[in-house]
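Going by my numbering, the sequence shown wraps up at 219, each residue one higher than the last. C-beta: ideal position from N, C-alpha, C; glycine also. Notes for the one structure printed next.
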Amino acid sequence: MTTHSAKAVSRPTIFVIALAALALTLYFAVRPAYATSGATLKESQIGTDSSQATDDCSDNVDVPAGEVLWHFILNGIDPGITSAIPGQFQFQFDGTLNVDSSKWNPGGDTHHFYVFTSGDDVLQGATADIGNSDYNNFVLSHICHGAEGQQSASESVSESVSESVSESVAESASGEQSVEAGTGTPAASTPDGALPFGGSSPLPMIAFSLILLTSLGSLAYANVKAVRKN
């Protein structure tokens, strides 16, 4: 019986196989691991506190009083995306805010996200859904605070109603003084509702003022509620 021994693999072949395995390992280690899982925020920017920011807002974007604008930029997208990209932004107090990119260049390789928080907050992370595209950088560009002197809509309505109530009460009091200061014909007897020592009773005017204040207060509440819903 003839026995055939297995042919030995040559050393050059083993060397080539080893090099190929090493190259493949390096490829997967160096290539972006996030290519199919979305873009992630630059790690060093996690934990950014907007209360410490002194950036000058240069976006020409109106920031409501008390709110904070966070401007994020995602660039180097390959291939470019020429439609809005969904983004998720995590904050300590406002939680997760879902905001799409609202501006990008013609090639779609750079996208801008404008995220508003209800006040100063701490950034805990951000991701963007870019499908199978790669990217170079996803960063927080800058932070803008709303003007402190700017009034919110609800505050403006409240102040307007308060001024109207004050003016109405002042006008009513002025009218009452004018009537009392006028000279009339003495009455032969004391009419109902009048004081026995002269002068009209203040009770009707007080009741009228209370009704007026209640009505204006109800109107103010309805306006503020409508503004907040909008």
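Contacting residues, own chain, Cβ-Cβ under 8 Å from residue i (five flanking each side not counted)
i	result
P95	T71
G108	G55, E56, V57, F82
D44	H131, I132, C133
E32	none
Q34	L112, V128, L129
T106	S39, E56, V57, W59, F80, F82, D83, L86
T99	I62, L63, N64, G65, I66, W93
S204	none
Residue from the options whose Cα sits closest to the Cα of residue i
i	options	result
I74	G84, L201, Q81, G97	G97
C46	L58, H100, D109	L58
S122	F78, F82, N64, C133	N64
D38	D118, F80, P53, G69	F80
Sheet register partners of residue i (DSSP bridge)
i	result
F82	Paired residues: none, contrary to the question.
V57	T106, H134
P75	D89
T99	N64
T43	T43 pairs with nothing; no bridge assigned.
D123	D67
L201	Partner(s): none; L201 has no beta bridge.
L30	Answer is none; L30 lacks a bridge partner.
A115	F78
Distance between residue j and residue i (C-alpha atoms, nearest Å)
i	j	result
D51	I195	45 Å
V104	S198	47 Å
L192	A136	47 Å
G138	D67	At G138, the pLDDT of 44 sits below 50, so the modelled position is not reliable; the number obtained from the coordinates is stated separately. Rounded to whole angstroms, G138 to D67 spans 43 Å at the Cα level.
G114	H60	14 Å
T85	L208	36 Å
A18	F127	Residue confidence is low: A18 scores 43 on pLDDT, short of 50, so the model does not pin down where it sits. Its coordinate-derived value is still stated next. Spanning the two alpha carbons is a distance of roughly 20 Å.
G76	Y210	36 Å
I266	T29	Absent from the model: residue 266. The displayed extent of the chain is -10 to 219, so no value can be given.
S90	G206	42 Å
A183	P53	Residue confidence for A183 is low, a pLDDT of 44 falling below 50, so the modelled location carries little weight and cannot support an answer.
G36	V88	19 Å
Neighbourhood of residue i by C-beta distance below 6 Å, restricted to the same chain and skipping five residues each side
i	result
K92	H101
V111	D38, Q81
T116	G27, T29, Q77
Chain-order list of residues whose beta-carbon lies under 7 Å from that of residue i (same chain, five-residue window excluded)
i	result
N125	N64, G65
A42	I132
Neighbour flag for residue i against chain B, beta carbons, 9 Å
i	result
S204	Although the question refers to chain B, the structure presented lacks it and comprises just one protein chain.
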